[in-house]
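Colleague: Protein chains in written order, with the working numbering: chain L, 1 to 110; chain G, 1001 to 1880.
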C-alpha cells in the first residue's frame, strides 16, 4: 500500500513516524525503512510525504533535527523525539488503540 | 498557533536562505543514501542513481511540498507573488499603464458618484438621533395632492393634541431687511416656532435658544444670529447678546448665536445662506387657517413608529376637519425627514450610479481581455511552473495576486481621480440639497476598496481559469504553433467584447434619450420672452408701509424712475411671476357656484403694473392691458389667460364676465377686460395654470418682482436699477437680482447636468468598448499572421483579407448590439420619469446609437485589418 496524505489519515502517518523514532534517532530514509519494517512492508512512505510530515512535526515541536553522520559516513539530518513528541506519541497510541479496537469490532460484527 | 510554530514562522521568514540550504542538503543526502542502499543491493552505480531518482520523485518537487507545509508559507508565497507580479507589470509597461488607467477611470468615477449619493441620500441629517426626525405634510385626498404646506393655527392644534412627538416645530423661510448704520441688507431668515432647537438637539454657542412662550403674541421680539452674520455684521463681538437690531422696522433683541456648522433647513439650496432665526410675528399669514405656508417638523418619541404617528395624526386631522371649514378635506402625512431631503434627486442619482457601474463593468471586461491576451503569451511560462511542481491552487493564487495588484493600483489611482473629479462635480452640479457637505468619508473609502476587490475578482477570474485549462505537456511541446489558438480562449475573448459592446449600447441609449429630451425641452415656448430681461425683488416692511396705498405709490414711483433709465425698454412688476414666485388661491366665477371641497379653484392671481405684459413679452390676445388709470376709484378690472378662459368659460366668451379673487378682503367683482397667452409658471415642463391678473393700484401688495426689459446686456443695469429703488426709499434693498435667462436656465439645470454626465459616461463606455474591440482584432491579426500568409500565398486578395478581419469585428459588434438592445429595452424604463417628448423605447434613438456603435466598431477593426493586408506571405511563412 502506498502511503500519502490523500489516502491515509494524517494522524496515522504522524503516529507511525513518532513510533519509528521512539527507540532512537533516525534520518529520513531510516524513518522510512523503519516504518516498512514495523508494518512488514505494508506502508512505504515516499519522500514527498515523509519530508513535509517531518518538517511539520519539527515546527510543532514534537521533533528536533540535527546533522549527524550515517553508518556509511554520509552527512544526514537526524530526527529525535522531544518530550512533547513523547507525550504526543502516548496520546496517539491510546487513540490509535481505541480506533483499532473499534474497527476490529465493526469487522467482527458483520 | 503554539509557541514552537510561531518560532518556526519567524525563522522561516527571517532565515529563509539558511532554511532553504538545509532543505536542499537534506533532500540530496536522502538521495545519496538511497543510491548507497541500491549499490549495496548489488546495482551498478548508474542504475542505482536512476532507481534513487525514481523513488525520490524529483528533488525540486519534494522541496516544494515541504515549503507548502511550512509556517508562514501563505504569507511568504504572497510576498513572492506580489514581487513577481510587480516585476511582470514593470516588464510590460504599456499593458500595465493601459490596465491601471482603465481601472482608475472606472473606480474613480464610481467613487465620485458614490460620494455624492452617500452624502445626499445615505448620510444622516446633521442633527443628533436624526432617525427620529419626521416631516408633516398637509394632504388633500380629493385632489390626490400631497406635499402641501400647512397653516400656523393648524400646526398649533397638532402640537397641542398629539402624544407621539417629543417636539414639534413649524418654519418658513422669509426675506428680512436688516437696517444698520451704513447700509440696508436683505437676509434670508427662517421664521420658526419656539421648539426648533430642542427638536434638532442643537444649542447656540452664545446666549440661549427660544423660550416656549416666545412664539406667542407679545414675546416674539427676539432673534438668533447665524455664525456668519455675527462675524460679518457684529465683528464676532460676544457682547452682542442683549443688543437690539432693527429688522423690517421692528426692534429685535439678540438672544443667541448659532454654531458655524449649524444648517437649517438642512436641504436648503447650496447657494443660499440662512442668517437669522426668529419667531413668527402675528399677522394674517400666521393667523389664518387658509394661509398654508409653513413647513412642519417633529421628533418621534423613542419607540414610536412612523405608522403609529401617522395613525394618531389621521385621527387629529379628522377631528379638526369637523371643527373648521378650512380643514375640511385635508389630511396629513408623516414622512421620514431623511428620506424626504433627497427624494427629488434620488432617482437621478441612482441612475447615474447605475450608469457609472456599467462603465466599470466595461473597464473590467477590457482588462480581463488584456489579461487573456497576455495569458496566451505566458502559456509556456505557466507550463514550466507546473512542471516544476506548482499545484493548481498555487497557480490560481499567483494569477489572482497579479490581478489584485493591478486592481489595487487602479483603485489608488482611482481614489486620486475621484478626489479631483468630486470638486469638478460639485462645481458644475446644479443645486442639489446637501451637495456642499460632500466629502470622501470612511464609508466612501470602504465602498471604493470593495469596488477595487470586486473588480479584481471579476477581471481576474477568466485569466486564472484559463491558466489552468492548459495541460503542461501540450503547451511545452506546442512551442510556436501559430496556426490555431485555443478555441475556448478565443470564445472567452469574443464573449467579453460582445459584453462590452452590449453595455456600451445600453449607456448610449440612455444618454441618447436624455439628449433628445433635453432638445425637446429647450424647444418649449415658455409663453414669455426671457431674452434681455433683468429681475429683482423688493419687499416693503409692513411697519413702514402699513397702508396699501403707500405700497402702491412706492412701486408706481419705482416704475417711473426705472422706465426713464437709459437702456431700459420698459419695466413692469408682479407679485407672482413665472419661475420666480407664485401666489395661488381660490377665485370665484360669477354664475358658477363651486362646491368648495371637490373643486377648490387653484388659480394664479398676480397683481401687476400696466407694462408687465410688455416687459415680460407675454402676448395680449384680446381686449386691452391695464393702465395706471385702473385705480381704486375706477371700475374693478381683471385680465385672464387662455387657460382660465378655457377652464372657467368653456362654452362662452369670457370677455366682460366677472370674477372675484378670494383674498380675504371684502368681495370685489372684477370685469374681464383682456385675455393674454399662457405662461409656464413652474418650469418649462408644466403646462400653464389658469391665471387671473389684477392691477396693482386696485389690489396693492408689499412684495413685488421687478421685470426690466433692456435694450442691451440686462446684467449691466443692476446698479442703475438698485439706485432707482433707493432714490425712492433709501432703506429698500434689492434682492435675488438675476436675468430672466438665468432663471430659465436654472429651471433646467438639473436636467442639463444629468444629461451631460450620462453623455460623458456613455462616451467613456464607447471609448472603452472601441479600445476593447481594437485590442482583440489587433491580437487576432497577430496570431493569424501565418494563416493570412498562407491564404495570400494561395491567392487571397487584399480585400478578402480585409473582409475576413472586419467581418469578425462586425459579427462581434452586431451580437453586442442585439444583446445591448434587449438590455436597453429592459433598462430605459427606469429613465421614464426623466424623459420629455420621447418614449422610453424611442426607435430613432436606439437606431442612431446602434449605428454609431457599429460604425465605431467597424473603424476599430478596420485599422488592424489594414495591417493584416500588408502581411507579406513570404515573410509570414518563413517566420517559423
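By construction, the Cβ of each residue, glycine as well, lies at the ideal position given by its N, Cα and C atoms.
Can you round the beta-carbon distance between residue 1275/G and residue 1209/G to whole angstroms, since I take them to be within the 8 Å contact cut?
Modeller: Actually they do not touch by this definition, with Cβ atoms about 17 Å apart.
Colleague: Considering residue 1800/G, what are the terminal residues of the alpha helix (DSSP H) in which it resides?
Modeller: 1798–1827
Colleague: Select from 1666/G, 1870/G, 1560/G, 1793/G the residue whose C-alpha is nearest the C-alpha of residue 1721/G.
Modeller: The shortest C-alpha to C-alpha distance from residue 1721/G to any of 1666/G, 1870/G, 1560/G, 1793/G is the one to 1560/G.
Colleague: Can you list the residues of chain G that residue 66/L reaches, using a CB-CB cut of under 8 Å?
Modeller: None at all; the shortest Cβ gap to chain G is about 11 Å.
Colleague: So, is the C-beta of residue 1046/G closer than 8 Å to a C-beta in chain L?
Modeller: no
Colleague: Please confirm whether residue 1874/G has its beta-carbon closer than 8 Å to some beta-carbon of chain L.
Modeller: no
Colleague: With respect to the beta strand (DSSP E) encompassing residue 1735/G, which residues constitute its N-terminal and C-terminal limits?
Modeller: Element bounds for residue 1735/G: 1735–1739.
Colleague: Assign residue 1242/G to one of two classes, buried (16 or more other C-beta atoms within 10 Å of its C-beta) or exposed (fewer than that).
Modeller: exposed
Colleague: Using alpha carbons as the reference points, say which of 25/L, 55/L, 48/L lies closest to residue 68/L.
Modeller: 25/L
Colleague: Which bits of chain G does residue 56/L rub up against, with CB to CB less than 7 Å?
Modeller: Going along chain G in sequence order, the residues near residue 56/L (Cβ under 7 Å) are 1069.
Colleague: Listed in chain order, which residues of the region 13–45 of chain L have Cβ atoms closer than 8 Å to some Cβ of chain G?
Modeller: From the region 13–45 of chain L, only 27, 28, 29 have a Cβ closer than 8 Å to chain G.
Colleague: Would you mind sorting residue 1010/G into buried or exposed? The rule is 16 or more other CB atoms within 10 Å of its CB.
Modeller: exposed
Colleague: Fully enclosed by the region 1563–1620 of chain G, which beta strand (DSSP E) runs are 3 residues long or longer?
Modeller: 1568–1574, 1587–1589
Colleague: In the DSSP output, which residue or residues are listed as bridge partners for residue 1188/G?
Modeller: 1175/G, 1274/G
Colleague: What first and last residue would you give for the beta strand (DSSP E) that runs through residue 1536/G?
Modeller: From DSSP, the beta strand (DSSP E) with residue 1536/G extends over 1533–1539.
Colleague: Going along chain L, which residues have a C-beta under 9 Å from residue 1033/G?
Modeller: 27, 28, 29, 30, 70, 72, 74, 76
Colleague: Could you check where the beta strand (DSSP E) with residue 80/L kicks off and where it finishes?
Modeller: 75–81
Colleague: Counting only beta-carbon atoms, is residue 92/L nearer than 8 Å to chain G?
Modeller: no
Colleague: Going along chain G in order, which residues have a C-beta closer than 8 Å to the C-beta of residue 11/L?
Modeller: Within 8 Å Cβ-Cβ: nothing; residue 11/L doesn't reach chain G, min ~15 Å.
Colleague: Since residue 1704/G is in the beta strand (DSSP E), which residue starts that stretch and which ends it?
Modeller: 1703–1710
Colleague: When the Cα atoms are used, what is the spatial distance from residue 1692/G to residue 1678/G?
Modeller: 11 Å
Colleague: In its own chain, which residues sit with a C-beta less than 7 Å from the C-beta of residue 7/L, not counting the 5 before and 5 after it?
Modeller: Unreliable positioning characterises residue 7/L in this predicted model, as indicated by a pLDDT of 41, which lies under 50. A coordinate reading is not provided.
Colleague: For a test of the three-state rule: what should DSSP assign to residue 1691/G, helix, strand or coil?
Modeller: Residue 1691/G carries a strand assignment under DSSP once its states are collapsed to helix, strand and coil.
Colleague: Please report the straight-line C-alpha distance between residue 1216/G and residue 1701/G, rounded to a whole angstrom.
Modeller: 26 Å
Colleague: Go through its chain and collect everything with a Cβ distance to residue 1615/G's Cβ below 6 Å, but skip five positions before and after it.
Modeller: 1570, 1571, 1572, 1707, 1709
Colleague: Are residue 1717/G and residue 1725/G close, meaning C-beta to C-beta below 8 Å?
Modeller: no
Colleague: Verify the CB distance criterion: does residue 1381/G have a CB-CB separation below 8 Å to chain L?
Modeller: no
Colleague: So which residues of chain L does residue 1348/G contact, with C-beta pairs closer than 9 Å?
Modeller: Within 9 Å Cβ-Cβ: nothing; residue 1348/G doesn't reach chain L, min ~58 Å.
Colleague: I'd like to know if residue 48/L contacts chain C, where contact means its C-beta is closer than 8 Å to some C-beta of that chain.
Modeller: Given the protein chain composition of this structure (L and G), no chain C is represented.
Colleague: Put residue 1673/G into one of helix, strand or coil per three-state DSSP.
Modeller: strand
Colleague: Hey, how far is the Cα of residue 1295/G from the Cα of residue 1844/G?
Modeller: One C-alpha to the other measures close to 45 Å.
Colleague: Using 8 Å as the threshold, is the C-beta distance between residue 1298/G and residue 1168/G below it?
Modeller: yes
Colleague: Taking residue 67/L as part of the beta strand (DSSP E), name the residues at either end of that continuous run.
Modeller: 63–69
Colleague: Rounded to a whole number of angstroms, what is the C-alpha to C-alpha distance between residue 1075/G and residue 1380/G?
Modeller: 26 Å
Colleague: Compute the beta-carbon to beta-carbon distance between residue 1876/G and residue 1789/G, rounded to the nearest angstrom, for a pair I have assumed lies under 8 Å.
Modeller: 3 Å
Colleague: Taking the alpha-carbon positions, what's the residue 93/L to residue 1091/G distance?
Modeller: 56 Å
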